[in-house]
Amino acid sequence: MEDKKLWGGRFSGSMDEVMRTFNSSIEVDQRLWKEDIEGSKAYAVALLSAGALTQEDEKQIQRGLELVNFYFVSEQGA
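Taking the UniProt record's numbering, the leading residue of the sequence shown gets 1, the next gets one more, and so forth.
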């Protein structure tokens with residue numbers, strides 16, 4: 001597997017092990033972006049239903065997630 005880092009160039013030290021572990025899942029994350037967005041949208045609805053979000057908050061979250069979706073579709077041609 002190719003070593004793709006979330007950071008580089010500006011830092012002279014080695015990557016902390018916690019960050020290395022976090023970064024190791026980036027390729028899986030990139031494949032699951034659609035599912036991640038759909039899950040986040042459903043969770044926002046659940047939080048609204050539970051009274052943890054206002055309708056306006058939930059609406060803003062949904063809009064933001066739609067923008068993220070649009071970005072990924074535009075970038076990846078999905």
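All C-beta atoms in this analysis are idealised placements derived from N, C-alpha and C, irrespective of residue type, glycine included.
Could you say which of Q76, S74, E75 and N69 lies nearest to D36 if we only look at CA atoms?
N69
Below 8 Å on the Cβ atoms is my contact criterion, and I expect residue 111 with Q62 to pass it. Report the Cβ-Cβ distance as a whole number of Å.
One cannot answer for residue 111 here, as it falls past the ends of the chain, which runs 1 to 78.
Could you give the DSSP three-state label for D16: helix, strand or coil?
coil
Using the beta-carbon count (16 or more within 10 Å), is A44 buried or exposed?
buried
Quick check: the Cα distance between Q67 and E58, rounded to an integer number of angstroms?
One point to set straight first is that residue 67 is Leu, not Gln, in the sequence displayed. Near 14 Å, if we compare the C-alpha coordinates of E58 and L67.
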